Amino acid sequence: MREFDYARADSPRQAVSTHGRSEQAAYLAGGTTLLDLVKIDIMRPDQVVDINRLDLNQIETLNDGRTRIGALVTNTALARDDRIKNEYAVLSEALLSGATTQLRNKATTAGNVMQRVRCPYFRDGVSSCNKREPGSGCAAIKGHNRSVHAVLGTSEQCIATHPSDMCVAMAAIGATVTVEGPDGQRDIGFLDFHLLPGDTPEREHALKPGELITHVTLDAPLENSRSGYLKLRDRASYQFALASSAVIVTLEGDTITNARVALGGVGTKPWRALEAEKALKGQKIGEASFTHAAGIAFKGATPYAHNAFKIPLGQQAIVRNLTTLTAQEDRRTS
Amino acid sequence: MSDHHNNEGLGVETFDARSPSRRRFLKTMGASSLAAATAPAWAQIAQAGQQQKEPVEPRDDGAPAEGEQQIQLTVNGVAHTLNVKPNAVLLDVLRDRLMLTGTKKGCDQGQCGACTLLVNDTAINSCLSLAVSHDGDEITTIEGLSQGDELHPVQVAFWAHDAYQCGYCTSGQIMSAVAILNDDNIGSDDASVREAMSGNICRCGAYKNILAAVQDARGKMEGAS
Chain A
1 MREFDYARAD
11 SPRQAVSTHG
21 RSEQAAYLAG
31 GTTLLDLVKI
41 DIMRPDQVVD
51 INRLDLNQIE
61 TLNDGRTRIG
71 ALVTNTALAR
81 DDRIKNEYAV
91 LSEALLSGAT
101 TQLRNKATTA
111 GNVMQRVRCP
121 YFRDGVSSCN
131 KREPGSGCAA
141 IKGHNRSVHA
151 VLGTSEQCIA
161 THPSDMCVAM
171 AAIGATVTVE
181 GPDGQRDIGF
191 LDFHLLPGDT
201 PEREHALKPG
211 ELITHVTLDA
221 PLENSRSGYL
231 KLRDRASYQF
241 ALASSAVIVT
251 LEGDTITNAR
261 VALGGVGTKP
271 WRALEAEKAL
281 KGQKIGEASF
291 THAAGIAFKG
301 ATPYAHNAFK
311 IPLGQQAIVR
321 NLTTLTAQED
331 RRTS
Chain B
1001 MSDHHNNEGL
1011 GVETFDARSP
1021 SRRRFLKTMG
1031 ASSLAAATAP
1041 AWAQIAQAGQ
1051 QQKEPVEPRD
1061 DGAPAEGEQQ
1071 IQLTVNGVAH
1081 TLNVKPNAVL
1091 LDVLRDRLML
1101 TGTKKGCDQG
1111 QCGACTLLVN
1121 DTAINSCLSL
1131 AVSHDGDEIT
1141 TIEGLSQGDE
1151 LHPVQVAFWA
1161 HDAYQCGYCT
1171 SGQIMSAVAI
1181 LNDDNIGSDD
1191 ASVREAMSGN
1201 ICRCGAYKNI
1211 LAAVQDARGK
1221 MEGAS
């Protein structure tokens, strides 16, 4: 692994001042993305600021009903938290569907938000990749683009999916990312945090140089809602999603009063399907309304040579998730 | 279980496919002298390792050189003061500096689980860990599981169930299994164990026996506590 300077920070402020605005500095939390990519020489920081000792390990319920998660809460700890399991089941399920026991023990909330793409052409260090080397082209568009390539939000510059499951659940729940940076603290809406590739696939998020995520705050849970995460993949465990859905729904009798739908494995960012949600509201539960909404979620989808199957698969991920959730009689609100 | 015998010398049940007379002969001869005379080089090295009874001596590197950081690692109960470069990986420091080579380097990318060990009782991939980040931590490796000659119940179970072929993933499998069996949040059914162990890849495909070993060890550990 290449050499770098190392500093351990004791406070967010100190971390930010050590990091400065350098594009060549990197914050180190769990290390499951950063150290992996440094080892294969894709990320090349000249300074690593270790934030593992910062006091950002709490999960707190705020007075307004929101839940504030410290940046360093591990994926394991977040998935197991009773409030998360009870009020944000979709998030707990999404976390547990990702990676492995060992990786979840290390990986943090903020680090998961900052996860990099799994496109093999990004990771191999030699293929054309606009994300790794802007202007070099995208080998995936005409290459092997089956498993970790998107059909939604793609551009002519990049088609890599965002790999996180956790972020898909957060997109459905609604959340705010709090950051501290050289210019102070600010909040970024979760749906604004990850950027579409467009013409600048090397820009993956809304952070300015030197900004450090300190918290992710979940919106208050929808009252009397039920939620779930459905992940479809090539093998039963330890695999990135081919398609996944995070669904939150509230019912009155057999009528959907509110719905949140987000998709993973199919989009270049954690994909909130707002139009599909609108289509579900006020509808009777059942295959017809679910299928209709699922179709709307993939309107405008762009299939590539090997991943066209993701459109029907993603639609099925929505329909099946909704079917399962609305079949849970004991959790009906009416 | 009629083909399993208690091997007094190791305190574990081992599979003995040899005839009783051959077994008696081995015991009379003393296994080590026979092995030294007939075993291939790799087996003699493995045996020499097994005969080493002394725990790893505490190591103290003294003052760090420029560009190094001084850290304290307590590994298997022994406190070491080490000087490491910032980019030194925990796995490499354990293997190359402390000579604790039981923890294996497989993919070196956090994908295979061969490097799994416990940091403050939590299982992690040591290949994706900087040693400097673990200053002050308590680390348990495969070498730290046994109590003297007495193997950990999970080690005994892996042996009894032949839960390996080439053995390269085994120490990582065992460390994951120990963590899982000590974790009340992970279900005890086979499906939960398979899911919780999915970060440990076995290229030989010994999964069936690994699962059997973990579940067998569960019974023994519950009985012991």
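Chains as they are written, first to last, in the working numbering: chain A, 1 to 334; chain B, 1001 to 1225.
Cβ coordinates follow ideal geometry from the N, Cα and C atoms, glycine included.
All of these numbers come straight from a predicted model, not from anything done at the bench.
Query                                                                                                                                                                                                                         : Result
What residues from chain B crowd round L28(A), counting only those whose CB sits closer than 8 angstroms?                                                                                                                     : L1130, S1133
Any idea which residues DSSP pairs T1081(B) with across the strands?                                                                                                                                                          : D1060(B), Q1072(B)
Across which residues does DSSP place S245(A) in a beta bridge pair?                                                                                                                                                          : L230(A), L263(A)
Would you verify that the beta carbon of K1286(B) is, or is not, closer than 9 angstroms to some beta carbon of chain A?                                                                                                      : Past the edges of chain B, shown from 1001 to 1225, lies residue 1286(B), and the structure says nothing about it.
Does DSSP put W1042(B) in a helix, a strand or coil?                                                                                                                                                                          : Confidence is the limiting factor: at W1042(B) the pLDDT is only 47, short of 50, which leaves the residue's position unreliable, though a coordinate-based value still follows. It is helical.
Return the CA-CA distance between L91(A) and A297(A), expressed in angstroms with no decimal places.                                                                                                                          : 21 angstroms
Who are the Cβ neighbours of A279(A) in its own chain at under 7 angstroms, not counting the five residues just before and after it?                                                                                          : H292, A293, I296
Whether or not the region 46-62 of chain A and the region 124-131 of chain A are in contact is what I'm after, with contact meaning three or more pairs of Cβ atoms, one per stretch, closer than 8 angstroms; do they touch? : no
For the alpha helix (DSSP H) that H19(A) lies in, which residues bound it at each end?                                                                                                                                        : 12-19
Taking the alpha helix (DSSP H) that H144(A) belongs to, which residues open and close that run?                                                                                                                              : No alpha helix (DSSP H) holds H144(A); DSSP gives it neither H nor E.
May I have the straight-line CA-CA distance separating S1171(B) from D187(A), to the nearest angstrom?                                                                                                                        : 44 angstroms
If you run the structure through DSSP and keep just helix, strand and coil, what is A1095(B)?                                                                                                                                 : Note that residue 1095(B) is Arg in the sequence shown here, rather than Ala. It is helical.
Which chain B residues sit within Cβ distance under 9 angstroms of R80(A)?                                                                                                                                                    : N1185
Which partner residues does G181(A) have in the DSSP bridge list?                                                                                                                                                             : G184(A)
Please list the partners that N1125(B) has in chain A, where partner means a Cβ-to-Cβ separation under 8 angstroms.                                                                                                           : T32, Q102, L103, K106
Assuming A139(A) and A160(A) make a contact with CB atoms under 8 angstroms, what is their CB distance in whole Å?                                                                                                            : Incorrect: roughly 11 angstroms between the Cβ atoms, too far for contact.
Quick one: any contact between the region 1138-1158 of chain B and the region 1066-1082 of chain B, if contact means 3 or more CB pairs under 8 angstroms?                                                                    : yes
Compare the Cα-Cα distances from A259(A) to each of A236(A), S237(A), S289(A) and report the closest residue.                                                                                                                 : S289(A)
Determine the contact status of A243(A) and V266(A), defining contact as a CB-CB distance below 9 angstroms.                                                                                                                  : yes
For the region 1198-1213 of chain B, which residues have a CB atom closer than 7 angstroms to at least one CB atom of chain A, in sequence order?                                                                             : S1198, G1199
How about E1195(B): is its C-beta nearer than 9 angstroms to some C-beta of chain A?                                                                                                                                          : yes
Run down chain A in chain order and give the residues with a C-beta less than 8 angstroms from the C-beta of T1116(B).                                                                                                        : Q102
Using DSSP bridges, identify the partner residues of E1138(B).                                                                                                                                                                : T1074(B)
Taking a contact to mean a Cβ-Cβ separation below 9 angstroms, would you say A1131(B) touches I1071(B) in this structure?                                                                                                     : yes
Would you say G264(A) and H162(A) are within 9 angstroms of each other, going by their C-beta atoms?                                                                                                                          : yes
For K39(A), go through chain B and note every residue whose CB falls closer than 7 angstroms to its CB, in chain order.                                                                                                       : D1108, Q1109
Quick one: using the 10 Å Cβ neighbour count with 16 as the cut-off for buried, is S1192(B) buried or exposed?                                                                                                                : exposed
Does the region 20-28 of chain A touch the region 42-54 of chain A, meaning 3 or more C-beta pairs lie closer than 8 angstroms?                                                                                               : yes
Under 9 angstroms, Cβ to Cβ, is there at least one residue of chain A near S1188(B)?                                                                                                                                          : no
Quick check on DSSP: helix, strand or coil for A206(A)?                                                                                                                                                                       : coil
For T154(A), which of helix, strand or coil comes out of DSSP?                                                                                                                                                                : coil
List, in chain order, every chain A residue whose beta-carbon is nearer than 8 angstroms to that of S1192(B).                                                                                                                 : The contacting residues do not exist; S1192(B) stays about 11 angstroms from chain A at best.
Closest to R21(A) by C-alpha separation, out of K208(A), G189(A), E252(A), would be which residue?                                                                                                                            : K208(A)
At the level of alpha carbons, what is the spacing between A1123(B) and Y1168(B)?                                                                                                                                             : 18 angstroms
Would you say Q1109(B) and L1090(B) are within 9 angstroms of each other, going by their C-beta atoms?                                                                                                                        : no
Tell me where the beta strand (DSSP E) around A7(A) begins and ends.                                                                                                                                                          : 5-8
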